[in-house]
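Student: My structure is below; once you've seen it, I'll send some questions.
In this note's numbering, the protein residues as written are 21 to 667.
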């Protein structure tokens, strides 16, 4: 559909890997041979235990034979003449993951965690992708024809290090794409972000344009990291021998002190008390705000003259697995059957009562977090599910509610993991995520009326999502800005192509809404806070605000995440950087950022400080504060580097 049909190619000329056509032992279907969908490749080398493993072993060898035949068909045609592909988070091309033999051929093989994490979204969760093997062409399949044209496309700064390793390091199994160096006609097509770590790009950053303090900061901080050396131990020889530090105008030992002062100023900015502010915190998905800037929000929310509003711009239903919904609905039915949903007995509940007491849902749930009553937590979620289902399906009785629960469970159980759900189930999944978001901010005393869910229309479950539209996607944000009149707007500020595409689209619609609002109001004093979380990090030279994070703040964040984002605790859709909860990865990032700054300012700067807050620092959070004009300029530059969004 997307390639053969879309490009007008002839299906007769397609040499496809169709697993349904691969023969298995006894002519059986793969669901009979591998009933739990797990393929044990050790059967290639060991004796089978029992009849089932014997059939599995025979089938694996039949698959291996099929792969050999497939490889031969490619070679009979003279090898691949034109290869078009991307590069994965571990540098893989096709499914040749890190460690693949450069002379590998078509084969049935396992993948690694990075690849499984990326595939989780398509397959319905890491629980599925971890247990799925792949059939892939090999690195030698791609490069066997010396005249082959091989094109690799990469977008975004998140791919920059993989691209650098593939192009600038010696060929190695650690960098699968490095095998393309043997092909004279191999080329990488890169966006500016994906090329950012290449030597020529870094050289251009430092040598083109005027020199700035940010360049000095980056050069010195990177030198400390590369040498693993504290800045006060750096010598003039270290600075002069470094490719970029030697370019610092008027280079002297004072240059390091200037960087020290620059970073300390950013740290001090992150500890300033703020009063009489109205914060409008936005997130592309549920959990983005928490993972990006929660310790700062937590501290500022203690000031009673400040007001916080939270707006999640998309439904987030794709992050909720079918299994989670099935379990939650089965719990709901159980509590109904046991008479533990007393609210459904009120005479007006199915007419109007279901709309009320949403704050009570949050409070009841958090009380049970405090008391440690697990069953009551499940009942708390069930309460909100009942309210949402009554409104969503226009239910008029407990019997209708029970029937609809049974119907949804039936549909989900017969659906395959990763299948696009029907719209009503997508909406129900999104409502579960919305309740989770309300729970998080309920930790800090935020009422549900201060937590809005915009469900922007461009967000769908399709392979290729829609582009944002003015009336549908920008107007809701503009209306909130007019109503709330914030003095500070926070948003996800990932660089080009380095977060989910939803992050980029949300940034663009917020930028357009702010631009339109600026035509109505004087926004010269408005501040925009650009944060990042698990998808990409700021370099301390890029960020201009550094916030200390204590062990207490980490504990609060992790507790709120674990107890509120119930659908995310099992990390079904993890980052490729960590097999675990996003909150664990966030803590790791904060700790690593502290270590980065400690090399510059010294550990003693923290533990010997006269300020208790500085002494309690065990992690650092970076973000970038901008005036509106600067933010809009950044948004336009980002748009130029990506496909245009039609607003």
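Beta carbons: idealized from backbone N, C-alpha and C, even for Gly. As the structure is a prediction and not an experimental result, all values here were calculated from the model.
I need the boundaries of the beta strand (DSSP E) containing residue 155, first residue and last residue.
Tutor: Working through the chain shown from its first residue, we reach residue 155 at position 135. Where residue 155 is concerned, the enclosing beta strand (DSSP E) stretches over 154–156.
Student: Spatial neighbours of residue 37 within its chain, please: CB distance less than 6 Å, with the 5 preceding and 5 following residues excluded, ordered by chain position.
Tutor: Locating residue 37 in the chain shown gives position 17, counting from the first residue. If we look at residue 37 and ignore the five residues flanking it on each side, its Cβ neighbours are 155.
Student: Would you say residue 625 reaches chain C, if we count a Cβ-Cβ gap shorter than 9 Å as a contact?
Tutor: This model lacks chain C altogether; it includes just one protein chain.
Student: If you reduce the DSSP assignment to three classes, tell me which class residue 328 lands in.
Tutor: Walking along the chain shown from the start, residue 328 turns up at place 308. DSSP places residue 328 in strand when its eight states are reduced to three.
Student: Can you tell which of 461, 48 and 573 has its C-alpha closest to the C-alpha of residue 301?
Tutor: Position 281 of the chain shown holds residue 301. Measuring from the Cα of residue 301, the nearest candidate turns out to be 461.
Student: Please report the distance separating the alpha-carbon of residue 329 from that of residue 469.
Tutor: For the purposes of this step, residue 329 is taken as residue 309 along the chain shown, with counting starting at 1. For the purposes of this step, residue 469 is taken as residue 449 along the chain shown, with counting starting at 1. Distance between the alpha carbons of residue 329 and residue 469: 9 Å.
Student: DSSP beta-bridge partners for residue 300?
Tutor: Against the chain shown, residue 300 aligns to sequence position 280. In DSSP, residue 300 forms a bridge with 329 and 509.
Student: Would you list, in sequence order, the uninterrupted alpha helix (DSSP H) runs of no fewer than 4 residues that lie entirely inside the stretch 215–301?
Tutor: 219–227, 233–247, 256–261 and 273–289
Student: Distance check for residue 590 and residue 161, CA to CA, integer angstroms please.
Tutor: Sequence index remark: in the chain shown, residue 161 carries index 141 (1-based). Sequence index remark: in the chain shown, residue 590 carries index 570 (1-based). Distance between the alpha carbons of residue 161 and residue 590 is about 38 Å.
Student: The alpha helix (DSSP H) that contains residue 306, what's its start and end?
Tutor: Against the chain shown, residue 306 aligns to sequence position 286. It is not in any alpha helix (DSSP H) - residue 306 carries neither H nor E in the DSSP assignment.
Student: Which first and last residues belong to the beta strand (DSSP E) in which residue 206 is found?
Tutor: Indexing the chain shown from 1 puts residue 206 at position 186. Note, residue 206: beta strand (DSSP E), 206–210.
Student: Could you pull out every residue in the same chain whose Cβ sits closer than 7 Å to the Cβ of residue 352, ignoring the five residues on either side in sequence?
Tutor: The residue you call residue 352 lines up with position 332 of the chain shown. Correct list, in chain order: 402, 405, 406 and 425.
Student: DSSP puts residue 547 in a beta bridge; with which residues?
Tutor: The residue you call residue 547 lines up with position 527 of the chain shown. DSSP lists 508 and 647 as partners of residue 547.
Student: Grab the span of the alpha helix (DSSP H) containing residue 584 for me, first residue to last.
Tutor: As a working mapping, residue 584 is identified with position 564 in the chain shown. DSSP places residue 584 inside the alpha helix (DSSP H), whose first and last residues are 571–584.
Student: Here's a check: name, in chain order, each residue in its chain whose Cβ is nearer than 8 Å to the Cβ of residue 633, leaving out the five neighbours to either side.
Tutor: For the purposes of this step, residue 633 is taken as residue 613 along the chain shown, with counting starting at 1. Short of 8 Å from the beta carbon of residue 633, and not among the five residues preceding or following it, lie these beta carbons of its own chain, in chain order: 291, 568 and 570.
Student: Start and end of the beta strand (DSSP E) containing residue 191?
Tutor: Here residue 191 corresponds to residue number 171 of the chain shown, with the count starting at 1. Taken as a continuous stretch (DSSP letters only), residue 191 belongs to no beta strand (DSSP E), as it is neither H nor E.
Student: Just to confirm my understanding: we take residue 275, look at its own chain, exclude 5 residues before and 5 after, and list those with CB closer than 8 Å. What are they?
Tutor: Here residue 275 is taken as the residue at index 255 of the chain shown, counted from 1. Excluding sequence neighbours, residue 275 sits near 236, 240, 259, 265 and 268.
Student: Alpha carbon to alpha carbon, how far is residue 416 from residue 455?
Tutor: Counting from 1 along the chain shown, the entry for residue 416 is found at position 396. Counting from 1 along the chain shown, the entry for residue 455 is found at position 435. Answer to the nearest angstrom: the Cα atoms are 22 Å apart.
Student: Tell me whether residue 642 sits in a helix, a strand or coil according to DSSP, three-state version.
Tutor: By 1-based counting over the chain shown, the position of residue 642 is 622. Strand at residue 642.
Student: In whole angstroms, give me the CA-to-CA distance for residue 102 and residue 346.
Tutor: Counted from its first residue, the chain shown places residue 102 at position 82. Counted from its first residue, the chain shown places residue 346 at position 326. In a straight line, the C-alpha of residue 102 is about 45 Å away from that of residue 346.
Student: Does DSSP put residue 66 in a helix, in a strand, or in coil?
Tutor: Here residue 66 is taken as the residue at index 46 of the chain shown, counted from 1. It is coil, neither helix nor strand.
Student: Sort 61, 142, 157 and 486 by Cα distance to residue 88 and report the nearest one.
Tutor: For the purposes of this step, residue 88 is taken as residue 68 along the chain shown, with counting starting at 1. Looking at the Cα atoms, 157 is the closest of the given residues.
Student: Taking only the alpha-carbon atoms, compute the straight-line gap between residue 136 and residue 150 and give it to the nearest angstrom.
Tutor: Counting from one through the chain shown, the residue named residue 136 turns up at place 116. Counting from one through the chain shown, the residue named residue 150 turns up at place 130. The straight-line gap from Cα to Cα measures roughly 6 Å.
Student: Is residue 602 near residue 145, with beta carbons less than 9 Å apart?
Tutor: Looking up residue 602 in the chain shown gives position 582. Looking up residue 145 in the chain shown gives position 125. No; because the gap between Cβ atoms is not below 9 Å, this pair is not in contact.
Student: Could you tell me whether the Cβ atoms of residue 298 and residue 504 are closer together than 9 Å?
Tutor: The count along the chain shown starts at 1 and reaches residue 298 at position 278. The count along the chain shown starts at 1 and reaches residue 504 at position 484. The answer is yes: Cβ separation under 9 Å.
Student: Give the DSSP-derived three-state secondary structure of residue 199 in the structure shown.
Tutor: Translated into the one-based positions of the chain shown, residue 199 becomes position 179. Helix, per DSSP.
Student: Need the endpoints of the alpha helix (DSSP H) that residue 412 sits in, please.
Tutor: If you number the chain shown from 1, residue 412 lands on position 392. Counting along the chain, the alpha helix (DSSP H) containing residue 412 begins and ends at 394–413.
Student: Apart from the five residues just before and just after residue 40, which ones in its own chain have a Cβ nearer than 8 Å to its Cβ?
Tutor: Looking up residue 40 in the chain shown gives position 20. No residues qualify anywhere along the chain.
Student: Tell me the DSSP secondary structure of residue 117 in three-state form.
Tutor: Sequence index remark: in the chain shown, residue 117 carries index 97 (1-based). In the three-state scheme derived from DSSP, where H, G and I count as helix and E and B as strand, residue 117 is classed as coil.
Student: Let me check understanding here. Comparing Cα to Cα, which of 129, 251, 493 and 273 lies closest to residue 6?
Tutor: Residue 6 lies beyond the range of the chain shown here (21 to 667); nothing can be said about it.
Student: Tell me the rounded alpha-carbon separation between residue 169 and residue 204.
Tutor: In the chain shown, the residue the question calls residue 169 occupies position 149. In the chain shown, the residue the question calls residue 204 occupies position 184. Distance between residue 169 and residue 204, taken at the CA atoms: about 8 Å.
Student: Check for me: the beta strand (DSSP E) holding residue 559 runs from which residue to which?
Tutor: Start at 1 with the first residue of the chain shown, and residue 559 comes out as number 539. Run containing residue 559: none; DSSP gives neither H nor E here.
Student: How is the alpha helix (DSSP H) around residue 598 delimited, first residue to last?
Tutor: On the chain shown, position 578 is the one that residue 598 refers to. Here residue 598 belongs to no alpha helix (DSSP H), and DSSP marks it neither H nor E.
Student: How is residue 103 classed by DSSP in three states: helix, strand or coil?
Tutor: The residue given as residue 103 occupies position 83 in the chain shown. DSSP places residue 103 in strand when its eight states are reduced to three.
Student: Which residue wins for smallest C-alpha separation from residue 97, given the options 577, 165, 648 and 49?
Tutor: Here residue 97 refers to the residue found at position 77 of the chain shown. Minimum Cα distance to residue 97 is reached at 165.
Student: Could you tell me the alpha carbon to alpha carbon distance between residue 357 and residue 640, rounded to whole angstroms?
Tutor: Locating residue 357 in the chain shown gives position 337, counting from the first residue. Locating residue 640 in the chain shown gives position 620, counting from the first residue. Distance between the alpha carbons of residue 357 and residue 640: 49 Å.
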